[in-house]
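These notes are about the structure you will find just below.
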Amino acid sequence: MNKYRTPLKNVRGLGAAKTGTEHFVLQRLTATALVLLAIWFLVFVLSLVGADYAAAAEAVSKPWNAVLLVGFLVAMFWHAQIGLQVVLEDYIHNSLLALALQVSVKFVAVLGAIVGIFAVARIALGN
624 MNKYRTPLKN VRGLGAAKTG TEHFVLQRLT ATALVLLAIW FLVFVLSLVG ADYAAAAEAV
684 SKPWNAVLLV GFLVAMFWHA QIGLQVVLED YIHNSLLALA LQVSVKFVAV LGAIVGIFAV
744 ARIALGN
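If you read the sequence shown in the numbering used here, its first letter stands for residue 624, the second for the next number, and so on.
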């Protein structure tokens, strides 16, 4: 297989994927962020058990909570998009279908993050 690679590619070590390490690192970073943010989120939600809407809205409107909620949303949708991208790359072999699914996953992830951030912003900034 090496006979088909140019000398420059051999020197640079460029394989077929080229971005596998980047996805691996990003997935681990978002997973680490999610572990910490999920612990905070669980404690936050449990502290709101039995609270009415006004109390929950007041808790979300505190700057620290709003920032952590936005961070949780961004990390969650980013991590999900990266994970689904890897799964689709591994199991979908029809290139047109793979492209359509990849675009759909990215669209849904971005849309979900935007909607979630908008909801937190509306609550945090008072409707």
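Glycine residues also receive a C-beta, built at the ideal position from the N, C-alpha and C atoms.
Own chain partners of residue i with C-beta closer than 7 Å, once the 5 adjacent residues on each side are dropped
i      : result
Ala700 : At residue 700 the sequence reads Phe, which differs from the Ala that was named. Excluding sequence neighbours, Phe700 sits near Ala732, Gly735 and Ala736.
Beta-carbon gap between residue i and residue j smaller than 7 Å
i      : j      : result
His646 : Ile705 : yes
Val683 : Ile740 : no
Phe695 : Phe667 : no
Val726 : Leu707 : no
Leu724 : Leu711 : yes
Ala698 : Leu657 : yes
Sequence-distant residues of the same chain with beta carbon closer than 6 Å to residue i, five excluded per side
i      : result
Ala680 : Ile746
Leu659 : none
Leu748 : none
Cut-off 8 Å between Cβ atoms - residues of its own chain near residue i, not counting five sequence neighbours on either side
i      : result
Ala654 : His702
Ala661 : Phe695
Leu649 : Trp701 and Ile705
Val709 : His646 and Gln650
Assumed close pair residue i, residue j - CB separation to whole angstroms, cut-off 8 Å
i      : j      : result
Ala689 : Val738 : Contact flag wrong, Cβ pair sits at about 15 Å.
Original post:
Curious, which full-length alpha helix (DSSP H) runs of at least 4 residues does the segment 653-710 contain?
Top reply: Qualifying alpha helix (DSSP H) stretches, in chain order: 676-684.
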